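Colleague:
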Amino acid sequence: MNSEPTPLLRNPAKEKLSRGETVYSMTARLVRTVDIAAIAHSADFDSIYIDMEHSPFPLDAASQICMACNHLGVTPLVRVPGLDPSFIGRVMDSGAMGIIVPGVNSADEVRAAVRAVKHAPLGERSLAGSPPQLHFRSYPADQTIRALDETSMVVAQIETRAGLDAVEAIAAVEGVDVLLVGANDLSLELGIPGQMDHPELHKAYLRIIEACRVYGKTAGVGGLGGRPDLIRQYLDLGAGYVSTGNDISFLSSAAAQKRQQFDD
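Going by this note's numbering, the first residue of the sequence shown is number 55, and it counts up by one from there.
1) Is it buried or exposed, Ala309, if we count other Cβ atoms within 10 angstroms and call 16 or more buried?
2) For a test of the three-state rule: what should DSSP assign to Thr81, helix, strand or coil?
3) Between Ser109 and Ala97, what straight-line distance do the alpha-carbon atoms span, to the nearest angstrom?
4) Which ranges would you report for the beta strand (DSSP E) in the stretch 262 to 307 if only whole runs of at least 3 residues count?
5) Contact defined as beta carbons within less than 8 Å: I believe Gln197 pairs with Val158. What is the distance between those atoms, to the nearest angstrom?
6) Compute the distance between the beta-carbons of Ser79 and Asp100, then report whether it is under 8 Å.
7) Under a Cβ-count criterion, where at least 16 other Cβ atoms within 10 Å of its own Cβ denotes burial, should Asp138 be classed as buried or exposed?
8) Would you say Cys266 and Leu233 are within 8 Å of each other, going by their C-beta atoms?
9) Between which two residues does the alpha helix (DSSP H) containing Thr129 stretch?
10) Could you work out which residue in Ile246, Tyr193, Ala82 is closest to Asn300 when comparing CA atoms only?
11) Near Gln118, what residues of its chain come up, given a Cβ to Cβ distance below 7 Å and the 5 sequence neighbours on each side ignored?
12) Apply the 10 Å Cβ neighbour rule to His189 and answer buried if 16 or more other Cβ atoms are within range, or exposed otherwise.
13) Under the three-state reduction of DSSP, which class applies to Leu233: helix, strand or coil?
14) Locate the alpha helix (DSSP H) running through Gly152, then write down its first and last residues.
15) What residue does the alpha helix (DSSP H) around Met146 start on, and which one ends it?
16) First and last residue of the beta strand (DSSP E) that includes Ala210?
17) By the 10 Å Cβ neighbour count, where 16 or more other Cβ atoms means buried, how is Met55 classified, buried or exposed?
18) In this structure, does DSSP put Ser192 in helix, strand or coil?
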């Protein structure tokens, strides 16, 4: 008989990563209703990340999607526009299971993100009481904090030259889970915009994957949704998280493909 107590809260994507399994994520930039959570679930995605950096997504819509995801077993993450701890706290209090921080340039920036997501002693996040992640149920404060902090995720996007230069220090930060390569912006920084199979971008991926291996973190593949061959290559090399694309590109691609079926 299993004597382990049932956890108050689970993060399916984080659990998969801990078992060495690949996590596939889709991005929400267009759809602002809970329907997108059901679509992600039906399509067998492990996670959604709601993009509040490159869209006018309102926080109330993000919160509704996060709560729907949590009920369906799809891990909701939010890409925040910056390191404002008050905004990050609101995102987490709205039901997110973690954040994605764009354009990380240093270990200090990651430590700031961890402080905003986690409660003391690792962080400085305020305790909100009965959170939506726990379906607004009340538990003793120590149990609530432990459940939230053990399951929350911090994803650092490596998409600048400074971030690449500091990648080993970033990977060493306690509390960061994933280093996600932002291939589009990183290719711009490296002077090879859009050249996803360029040797310099490949070298960057290898360095990030190795840093994650050394420090026990997960390397993430981003910006390569149109190149499944490269995604497979980096998964074979040790990456474990894939950002596959966003709802806008999915809809546009499917619409164009459908229209082309009627051409002579």
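Each residue gets a CB set at the ideal place from its N, CA and C atoms; glycine is no exception.
In this text, all values refer to a predicted model and were calculated from it rather than measured experimentally.
Modeller: Reading off the structure:
1) So Ala309 counts as exposed.
2) In the three-state DSSP reduction, Thr81 falls in the strand class (E or B).
3) In a straight line, the C-alpha of Ser109 is about 23 Å away from that of Ala97.
4) DSSP runs (the beta strand (DSSP E)) wholly in the stretch 262 to 307: 272 to 276, 295 to 300.
5) Rounded, the Cβ-Cβ distance is 31 Å, inconsistent with contact.
6) A contact, by the Cβ cut-off of 8 Å.
7) Exposed, because fewer than 16 other Cβ atoms sit within 10 Å of the Cβ of Asp138.
8) Their beta carbons are under 8 Å apart, which means Cys266 touches Leu233 by this criterion.
9) In the DSSP assignment, Thr129 falls outside any alpha helix (DSSP H) and within the unbroken beta strand (DSSP E) covering 129 to 133.
10) Closest option to Asn300, Cα to Cα, is Ala82.
11) Once the five neighbours on either side are set aside, the close Cβ partners of Gln118 are Val88.
12) Counting other Cβ atoms within 10 Å of its Cβ, His189 stays below 16 and is therefore classed as exposed.
13) Looking at Leu233 - three-state DSSP - the assignment turns out to be strand.
14) The continuous stretches of alpha helix (DSSP H) do not include Gly152, which lies in the beta strand (DSSP E) extending over residues 152 to 155.
15) Per DSSP, Met146 belongs to the alpha helix (DSSP H) from 139 to 147.
16) From DSSP, the beta strand (DSSP E) with Ala210 extends over 207 to 212.
17) Per-residue confidence for Met55 stands at a pLDDT of 48, beneath the threshold of 50, marking its modelled position as unreliable; the derived number appears in the next sentence. Burial is judged here by how many other beta carbons sit within 10 angstroms of a residue's own beta carbon; Met55 has fewer than 16 and is exposed.
18) It is coil, neither helix nor strand.
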